[in-house]
Amino acid sequence: MHIQIRTQKLEVSDGLRELVRRRLRFAMDRFGDRVQRVTVRLADLNGPRGGVDKHCRISVVTRSQGVVVVEGTDESLPAVVTRAIERAVRALKRANARLKPSRRRLRKEFIETSQRGPAPRWQPLPGF
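Have a look at this one:
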């Protein structure tokens, strides 16, 4: 998994970059090699005025689901990164669940085919 951290109007320390990488690796580890690339964009929306203005957008490129994008805004960078990573994990779980056929549907299809009886034997068409 390749992790890329980009900033806009914001100075980010090496410690915060390492924190983001560690949390992402820990959170995305459960998805294995399905996650190819993660891009984290950090921005300060209103500059030095303060307030709830730290913004984080996480784009996760996967092998099967395509791109999953989540966003968050908070007062501090560690808080917004943590919240956005949690959202990304939930979004990936939902996308993953959509790909798997439900056990109930598979069971229903199995019962329907087994109630029809054995498959008919092949017989040549008359005249051939």
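According to my numbering, the sequence shown is numbered sequentially starting from 8.
Where is the CB? At the ideal position from N, CA and C, for every residue including glycine.
*Given a threshold of 16 other Cβ atoms within 10 Å of its Cβ, counted over all protein chains shown, does Val87 qualify as buried or as exposed?*
Taking all protein chains shown into account, Val87 has 16 or more neighbouring C-beta atoms within 10 Å of its C-beta and is therefore buried.
*Answer yes or no: do Val77 and Ile65 have a C-beta to C-beta separation smaller than 7 Å?*
Val77 places its beta carbon less than 7 Å from that of Ile65.
*asked:* Tell me which residues share the same chain as Thr80 and place their Cβ nearer than 8 Å to its Cβ, disregarding the 5 neighbours each side in the sequence.
replied: Cβ neighbours of Thr80 within its own chain (closer than 8 Å, five residues either side excluded): Leu52, Val59, Asp60, Lys61, His62, Cys63 and Val87.
*asked:* To the nearest angstrom, how far is the alpha carbon of Val96 from that of Met35?
replied: When rounded, the distance between both Cα atoms is 7 Å.
*asked:* Between which residues of its own chain and Arg24 is the CB-CB distance below 6 Å, once the five residues before and five after are set aside?
replied: Hits under 6 Å: Ile12.
*Taking Lys100 as part of the alpha helix (DSSP H), name the residues at either end of that continuous run.*
Leu84 to Leu106 is the span of the alpha helix (DSSP H), which, as asked, contains Lys100.
_For a test of the three-state rule: what should DSSP assign to Leu132, helix, strand or coil?_
Reduced to three states, the DSSP call for Leu132 is coil.
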